[in-house]
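Right, one structure below, let's go through it.
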Amino acid sequence: MNARILAATTGRILRQLRHDRRTIALLVVVPAVLLTLVYFMYSDQPTPPGQPTTFDRIALVMLGIFPFVIMFLVTSIAMLRERTSGTLERLLTTPLGKLDLLFGYGIAFGLAAAVQAAVAAVVAYWIFDLDTAGSIGLVLGIAVLDAVLGVALGLLCSAFARTEFQAVQFLPVVVIPQLLLCGLFVARDQMAGWLQVLSDAFPLSYAIEALQEVGAHAEPTGRMWRDVAVVFGAVVLALVLAAATLRRRSG
Amino acid sequence: MDDAIAVRDLVVDRGGRRVLDGISCRVPRGAVTGLLGPSGSGKTTFMRAVVGVQVVSGGTVTVLGQPAGTPALRHRVGYLTQAPSVYADLTVRENARYFAALYGRGRVEADRAISDVGLAEAAGQLVGTLSGGQRSRASLACALVGEPELVILDEPTVGQDPVLRADLWARFHAMAAAGTTLLVSSHVMDEAARCDQLLLIRQGRLIADDSPAAIRAAAGVDDLDEAFLRLIRAGEAASTSTDATAARETA
Numbered sequence: 001m002n003a004r005i006l007a008a009t010t011g012r013i014l015r016q017l018r019h020d021r022r023t024i025a026l027l028v029v030v031p032a033v034l035l036t037l038v039y040f041m042y043s044d045q046p047t048p049p050g051q052p053t054t055f056d057r058i059a060l061v062m063l064g065i066f067p068f069v070i071m072f073l074v075t076s077i078a079m080l081r082e083r084t085s086g087t088l089e090r091l092l093t094t095p096l097g098k099l100d101l102l103f104g105y106g107i108a109f110g111l112a113a114a115v116q117a118a119v120a121a122v123v124a125y126w127i128f129d130l131d132t133a134g135s136i137g138l139v140l141g142i143a144v145l146d147a148v149l150g151v152a153l154g155l156l157c158s159a160f161a162r163t164e165f166q167a168v169q170f171l172p173v174v175v176i177p178q179l180l181l182c183g184l185f186v187a188r189d190q191m192a193g194w195l196q197v198l199s200d201a202f203p204l205s206y207a208i209e210a211l212q213e214v215g216a217h218a219e220p221t222g223r224m225w226r227d228v229a230v231v232f233g234a235v236v237l238a239l240v241l242a243a244a245t246l247r248r249r250s251g
Numbered sequence: 252m253d254d255a256i257a258v259r260d261l262v263v264d265r266g267g268r269r270v271l272d273g274i275s276c277r278v279p280r281g282a283v284t285g286l287l288g289p290s291g292s293g294k295t296t297f298m299r300a301v302v303g304v305q306v307v308s309g310g311t312v313t314v315l316g317q318p319a320g321t322p323a324l325r326h327r328v329g330y331l332t333q334a335p336s337v338y339a340d341l342t343v344r345e346n347a348r349y350f351a352a353l354y355g356r357g358r359v360e361a362d363r364a365i366s367d368v369g370l371a372e373a374a375g376q377l378v379g380t381l382s383g384g385q386r387s388r389a390s391l392a393c394a395l396v397g398e399p400e401l402v403i404l405d406e407p408t409v410g411q412d413p414v415l416r417a418d419l420w421a422r423f424h425a426m427a428a429a430g431t432t433l434l435v436s437s438h439v440m441d442e443a444a445r446c447d448q449l450l451l452i453r454q455g456r457l458i459a460d461d462s463p464a465a466i467r468a469a470a471g472v473d474d475l476d477e478a479f480l481r482l483i484r485a486g487e488a489a490s491t492s493t494d495a496t497a498a499r500e501t502a
């Protein structure tokens, strides 16, 4: 890796994003609109005494899921475009290292996700009175980590897609099982044993648990730090595997 | 070691088909060498082998004294792919600056490369809004921006206006005079006369490797197109007669 090349690559990806105003608008506005939907869906639901309201429970998890899903999709398409436009093959003939490219995507889309998460958090906390025991800063930090997880998995999956049609199909394959089993719909300890094994194997489960820890405790807990470490490890593993799938020589 | 490229017995198979069949040749330093041949003759595969992105089945390719694809060569070799591989959602200037940064060059070199290909007036335009000819010149600027010692150009002048084409060839010769080695492919025979040295390939085999003057003299005609036709016919006649001899011997 080379700091100058990494910085140039990150800047290039952000510049591409900046020229695409509609994508920026969608990135920023869509999570806020979806949170609004969730708020009104649950506004008339009764809350059992001593429990967080359903909106608080779901909105907190949503703050982590939006960046994960959206960045997964954006990254797999962006990387596929590098492959099909020939720019990837060209980049691999230059002094650029594979990790310069992969970390460039991670950092650039991580920054975009930070903006997205900040807007969504402002809407959730100040307009809809989201209440968490822990700090908003931790919620934002975990949301950005979730986004980076989405980027890393998107980079890895794009290696197995030849066309945009295939790339989009990886969303139901890779993302939806993680959403279903992350504890949002059914608590993880109430699922059948084999489902718990699957849930334990999915990195998103740890990302969501970390957010729930922040929701329930005023101070960061040991479990939260463990979850964050697991997600971080999954990011590094996915990036290393993605680098292994980038071949400079092809047939 | 005066040759920029030395190829010995190069064999490449793609998709179960032999694309290059035992090519041996040398490309001299500080000259413009033309790689001529019809579409599908193996020109692009040959160039990919020189750049080091092609999986080869046999033979050796030595570039600037090192095996093709050696990491150190990525600083010294510039490659223009046949299809323009630049970012359509960036401006010409942003593209040139990004590729300049990969080679450790700055804005001055980027601006110079843009004006060298005659795109100074379109520097602020998004590549996606350019004409096909302009887009391939933007791609060319990105191949030249690192001021490499060896430049591999895959059909750089296709679709260019005749005046621009003449300018580009003048530019290539100025670079060669300054010590750069250029390998330029074309399927247009009238460009062959502009090269210092010619390699003609057809159906994956090398048919001629000489200066335009020597090829004209050998074929006994002034027109290069006609000269190549005679060389091909002569080669076919020779192989049929050897086949006939072989058949007689087995009989």
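Chains as they are written, first to last, in our numbering: chain A, 1 to 251; chain B, 252 to 502. Just so you know, even glycine gets a beta-carbon here, dropped at the ideal spot from N, CA and C.
Three CB pairs or more closer than 8 Å across the stretch 116-124 of chain A and the stretch 202-221 of chain A: The answer is no - the stretch 202-221 of chain A does not touch the stretch 116-124 of chain A, with fewer than three Cβ pairs under 8 Å.
Alpha-carbon to alpha-carbon, B/Val278 and B/Leu449: Their backbone Cα atoms lie some 9 Å apart in a straight line.
Cutoff 7 Å; reference B/Gly471; Cβ partners in own chain excluding five residues on either side: Same-chain partners within the cutoff: there are none.
Given A/Leu241 as reference, the closest of A/Thr94, A/Ser158, A/Arg18 once Cα atoms are compared: Residue A/Ser158 is the option with its Cα nearest to A/Leu241.
Identity of the residues DSSP links to B/Thr432 by a beta bridge: Checking the DSSP bridge columns, you'll see B/Thr432 partnered with B/Leu401.
Partners in chain B for A/Pro172, counting only beta-carbon separations shorter than 8 Å: Those within 8 Å of A/Pro172 in chain B number zero; the least Cβ separation is about 27 Å.
Contacts around A/Ile77, its chain only, beta-carbon distance under 7 Å, and the 5 residues preceding and following it disregarded: Only residues of its own chain outside the window of five on either side were considered, and among them Glu164, Ala167 have a CB closer than 7 Å to the CB of A/Ile77, listed in chain order.
Cβ-Cβ distance between B/Asp412 and B/Gly383 below 8 Å: Going by C-beta atoms, B/Asp412 is not nearer than 8 Å to B/Gly383.
Residues bridged to B/Gly263 [DSSP beta-bridge criterion]: In the sequence under discussion, the amino acid at residue 263 of chain B is Val, which differs from the Gly named in the question. Bridge partners of B/Val263: B/Leu271.
Coarse secondary structure for B/Pro446, derived from DSSP in three states: Residue identity differs from the one stated: residue 446 of chain B is Cys in this sequence, not Pro. If DSSP states are grouped into helix, strand and coil, B/Cys446 belongs with coil.
Residue-level contact to chain B via CB, A/His19, 8 Å cutoff: Residue contact with chain B for A/His19: present (Cβ-Cβ distance below 8 Å to some residue of chain B).
A/Gln196 CB to nearest heavy atom of the ligand NAP below 7 Å: As for the ligand NAP, it is missing from this structure, which has no ligand bound.
Residue span of the alpha helix (DSSP H) that contains A/Leu241, given as start and end: Note, A/Leu241: alpha helix (DSSP H), 222-245.
Ranges of the alpha helix (DSSP H) found wholly within the stretch 45-111 of chain A, counting only runs of at least 4: Within the stretch 45-111 of chain A, the complete alpha helix (DSSP H) segments at least 4 residues long are 54-84, 87-91, listed from N- to C-terminus.
Beta-carbon separation (whole angstroms), B/Ala361 vs B/Arg344, contact threshold 8 Å: Yes, they are in contact, since the Cβ atoms of B/Ala361 and B/Arg344 sit about 7 Å apart, within 8 Å.
Three-state secondary structure (DSSP) of A/Thr163: It is coil, neither helix nor strand.
Inter-residue spacing [alpha-carbon to alpha-carbon] between B/Ile483 and B/Gln454: The C-alpha of B/Ile483 lies about 11 Å from the C-alpha of B/Gln454.
As assigned by DSSP and simplified to three states, the class of B/Leu457: DSSP places B/Leu457 in strand when its eight states are reduced to three.
Beta-carbon spacing of A/Phe103, A/Met1 below 8 Å: Yes; because the gap between Cβ atoms is below 8 Å, this pair is in contact.
Minimum C-alpha distance to B/Val304 - residue among B/Ser290, B/Pro289, B/Pro322: Nearest of B/Ser290, B/Pro289, B/Pro322 to B/Val304, Cα basis: B/Pro322.
Under the three-state DSSP convention, the category B/Arg356 falls into: In this structure, B/Arg356 counts as coil in the three-state DSSP scheme.
Cβ distance (whole Å) where B/Val435 is taken to contact B/Leu404 below 8 Å: Yes, they are in contact, since the Cβ atoms of B/Val435 and B/Leu404 sit about 5 Å apart, within 8 Å.
Euclidean distance between Cα positions of A/Leu26 and A/Leu140: Straight-line Cα distance between these residues: approximately 19 Å.
CB contact check: A/Ala147 to chain B, cutoff 8 Å: No, A/Ala147 lies away from the interface with chain B (no Cβ there is under 8 Å from its Cβ).
Amino acids of chain B, ordered along the chain, whose beta-carbon sits closer than 7 Å to that of A/Gly86: Simply Thr332, Ala334, Ser336.
8 Å Cβ cut-off: residues of chain A touching B/Asp340: What B/Asp340 touches in chain A, judged by beta-carbon distance under 8 Å, is Gln16, His19, Asp20, going in chain order.
Beta-bridge partners of B/Arg277, as assigned by DSSP: DSSP output for B/Arg277 lists B/Ala257 as bridge partner(s).
Residues within the stretch 153-164 of chain A neighbouring chain B, beta-carbon criterion of under 8 Å: Residues of the stretch 153-164 of chain A with a C-beta less than 8 Å from any C-beta of chain B: none at all.
Under 9 Å from the C-beta of A/Thr75: neighbouring residues of chain B: Within chain B, no residue has its CB atom less than 9 Å from the CB of A/Thr75, the nearest being about 15 Å off.
Other residues of its chain near A/Ala113: CB distance less than 6 Å, five sequence neighbours each side excluded: Excluding positions up to five away in sequence, the list reads Pro67, Met71, Val144, Ala147.
Cβ-based contacts, 7 Å cut-off: residues of the stretch 91-107 of chain A near chain B: Across the stretch 91-107 of chain A, CB contacts with chain B closer than 7 Å involve Leu92, Thr93, Thr94, Pro95, Leu96, in sequence order along the chain.
Which of helix, strand or coil DSSP assigns to B/Leu475: B/Leu475 falls in the helix class under three-state DSSP.
Span separating the alpha-carbon of B/Thr311 from that of A/Gly137: Distance between the alpha carbons of B/Thr311 and A/Gly137 is about 57 Å.
Separation of A/Thr23 from A/Gly193, as counted between CA atoms: Taken atom to atom, the span from the alpha-carbon of A/Gly193 to that of A/Thr23 is near 41 Å.
Residue from A/Thr93, A/Ala124, A/Val69, A/Arg223 whose Cα sits closest to the Cα of B/Leu331: Taking only the C-alpha atoms, the option nearest B/Leu331 is A/Thr93.
In DSSP terms, what A/Ile136 is bridged to: Answer by DSSP bridge pairing: none, since A/Ile136 is not bridged.
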